[in-house]
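J.:
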Amino acid sequence: MIAAAPPPELPAGLGHLRAARPLHGGSICAVWAGALDDGTAVVVKRAPYDVTAEVDGLEALAAAGAPVPDVLAADDDLLVLSRVDGDPDWHGLGRRVAALHRDSAGERFGWHRDNLLGTATQPGGWSSNWPAFFADHRLRPLLDSEALPATVRRRLERGIDGPLRELLGAHNPRASLVHGDLWSGNVVAGRWLIDPAVWMADRELELAFTTLFGGVPRAFFDGYATAWPLPADAGERRPALQLYHLLIHVWHFGASYVGMVVDRLDRLGWH
């Protein structure tokens, strides 16, 4: 959790942040709720990185019809968003995420620029080959983490070079616009999405992460299934897809997540 800090000055033209109070729970950014001089309710976020990529992701999601707050201003490491609220509607959110995945589906995987998942870089670029892109642009860059034991790294390398490509290659998915970091902490009021790490991916990746740590109610998955059910064999690919976010957690937080990586390798039979 980020320690409380004085609220920042807003970008020129927005006036002052009134009645500011810190919002807790994040592990990377400092966040405040407050109001502008005209009474507009806002959330202000100060990040340890340039927020341009996050703005790009929020705008991409908004253009695709996803429920995200409005971007009111962005300046280097400072982001000002409209404050969103409402009654929880997890079932409706599941339907809207499914519609996002379905209606954005195309042929190319990747994104037009580098962006961030937490503070880890997600390399940009495009490919029509899903297994190769996932292996070489998502998993492989994370194998350099000092928290990964050499034995686990070798198991991952063997899996990435062989069975992963066969497992994902037999699936032949479309490329969908994904939020990229969809867990309960990035959902506001059970109906709004925040803190995206967008790219075009197999939609199964989104759902694989959403199930990884719990916290997302069953109603979300029920709503998703009513709009666009996952293939019946999606569970066979889930452990491999979960490796990405688990390796991201190892990169951010260290060896405490290595056991979950090993569990997925065991489930996959990657020795």
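Letter by letter, the sequence shown follows residues 2 to 272 in the working numbering. Don't be surprised by glycine CBs; every beta carbon is placed ideally from N, CA and C.
Tell me, to the nearest whole angstrom, how far the beta carbon of Glu205 is from that of Pro174; I am working on the premise that it is less than 8 angstroms.
T.: On the sequence shown, residue 205 is found 204 positions in, with the first residue counted as 1. On the sequence shown, residue 174 is found 173 positions in, with the first residue counted as 1. With a Cβ gap of about 7 angstroms, Glu205 and Pro174 count as contacting.
J.: Only counting the same chain, and skipping five residues up and downstream in sequence, which positions put a Cβ closer than 7 angstroms to that of Leu149?
T.: For the purposes of this step, residue 149 is taken as residue 148 along the sequence shown, with counting starting at 1. Closer than 7 angstroms at the Cβ level, and outside the excluded window around Leu149, lie Val251 and Val259.
J.: Please say whether Leu62 and Pro197 have beta carbons closer to each other than 7 angstroms?
T.: On the sequence shown, position 196 is the one that residue 197 refers to. On the sequence shown, position 61 is the one that residue 62 refers to. Cβ distance < 7 angstroms, so Pro197 and Leu62 count as in contact.
J.: For a minimum of 3 consecutive residues, which ranges assigned as the beta strand (DSSP E) are wholly contained in the stretch 71–142?
T.: With a minimum length of 3 residues, the continuous beta strand (DSSP E) runs that stay inside the stretch 71–142 are 72–76, 79–83, 110–112, 116–118, 121–123 and 126–128.
J.: Need the endpoints of the alpha helix (DSSP H) that Val263 sits in, please.
T.: As a working note, residue 263 is residue 262 in the sequence shown. Element bounds for Val263: Val259 to Leu269.
J.: Are the beta-carbon atoms belonging to Leu157 and Trp131 less than 7 angstroms from one another?
T.: Stepping through the sequence shown from its first residue, residue 157 is reached at position 156. Stepping through the sequence shown from its first residue, residue 131 is reached at position 130. No, they are not a contact pair.
J.: Buried or exposed: Pro68, going by 16 or more other Cβ atoms within 10 Å of its Cβ?
T.: The residue you call residue 68 lines up with position 67 of the sequence shown. Classification for Pro68: buried.
J.: Looking at C-alpha atoms only, which residue of Pro49, Gly107, Gly16 and Ala42 is the closest neighbour of Leu118?
T.: As a working mapping, residue 118 is identified with position 117 in the sequence shown. Out of Pro49, Gly107, Gly16 and Ala42, Pro49 has the C-alpha closest to the C-alpha of Leu118.
J.: Compute the distance between the beta-carbons of Trp193 and Val85, then report whether it is under 7 angstroms.
T.: On the sequence shown, residue 193 is found 192 positions in, with the first residue counted as 1. On the sequence shown, residue 85 is found 84 positions in, with the first residue counted as 1. A contact, by the Cβ cut-off of 7 angstroms.
J.: Does DSSP put Gly35 in a helix, a strand or coil?
T.: Numbered from its first residue, the sequence shown carries residue 35 at position 34. Here Gly35 sits in strand by DSSP.
J.: Which residue wins for smallest C-alpha separation from Leu80, given the options Gly255, Ser128, Ala54 and Gly93?
T.: As a working note, residue 80 is residue 79 in the sequence shown. The candidate whose alpha carbon is nearest that of Leu80 is Ala54.
J.: Could you check the C-alpha separation between Leu244 and Arg265 for me, to the nearest Å?
T.: Locating residue 244 in the sequence shown gives position 243, where the first residue counts as 1. Locating residue 265 in the sequence shown gives position 264, where the first residue counts as 1. About 7 angstroms.
J.: When you compare only the Cα positions, how much space is there between Leu213 and Leu18?
T.: Residue numbering aside, residue 213 sits at position 212 when the sequence shown is read from its first letter. Residue numbering aside, residue 18 sits at position 17 when the sequence shown is read from its first letter. Going by the C-alpha atoms only, they are around 37 angstroms apart.
J.: Just the Cα atoms here: how many angstroms apart are Arg139 and Ala74?
T.: Against the sequence shown, residue 139 aligns to sequence position 138. Against the sequence shown, residue 74 aligns to sequence position 73. About 30 angstroms.
J.: Taking 6 angstroms as the cut-off, does the CB of Val217 come closer than this to any heavy atom belonging to the ligand NAD?
T.: With respect to the ligand NAD, the structure shown offers nothing to examine, as it has no ligands at all.
J.: Here's the rule: buried if 16 or more other CB atoms are within 10 angstroms of the residue's CB, otherwise exposed. What is Met2?
T.: Mapped onto the sequence shown, residue 2 falls at position 1. At Met2, the pLDDT of 46 sits below 50, so the modelled position is not reliable and the matter cannot be decided from this model.
J.: Could you pull out every unbroken alpha helix (DSSP H) segment of at least 4 residues lying fully inside the stretch 157–215, listed in chain order?
T.: Counting only runs of 4 or more, we get 164–170 and 204–211.
J.: Per DSSP, what are the beta-bridge partners of Pro150 in this structure?
T.: Counting from one through the sequence shown, the residue named residue 150 turns up at place 149. Per DSSP, none; premise fails for Pro150.
J.: For the beta strand (DSSP E) that Pro68 lies in, which residues bound it at each end?
T.: Mapped onto the sequence shown, residue 68 falls at position 67. Careful: Pro68 lies outside any beta strand (DSSP E) and carries neither H nor E.
J.: Do Ile249 and Ala121 count as a contact pair if the criterion is CB distance below 7 angstroms?
T.: Position 120 of the sequence shown holds residue 121. Position 248 of the sequence shown holds residue 249. It is a contact, given that the beta carbons lie within the stated cut-off.
J.: Could you tell me the distance, in whole angstroms, from the CA atom of Asn159 to the CA atom of Trp33?
T.: As a first step, residue 159 is located in the sequence shown; it is residue number 158 there, counting from the start. As a first step, residue 33 is located in the sequence shown; it is residue number 32 there, counting from the start. Strictly speaking, residue 159 in this sequence is Arg, with Asn absent from that position. About 45 angstroms.
J.: In terms of residue numbering, what span does the beta strand (DSSP E) encompassing Ala21 cover?
T.: Translated into the one-based positions of the sequence shown, residue 21 becomes position 20. Start and end: Arg19 to Leu24.
J.: Applying the criterion that 16 or more other CB atoms from any shown protein chain within 10 Å of the CB defines a buried residue, is Pro232 buried or exposed?
T.: Locating residue 232 in the sequence shown gives position 231, where the first residue counts as 1. So Pro232 ends up on the exposed side.
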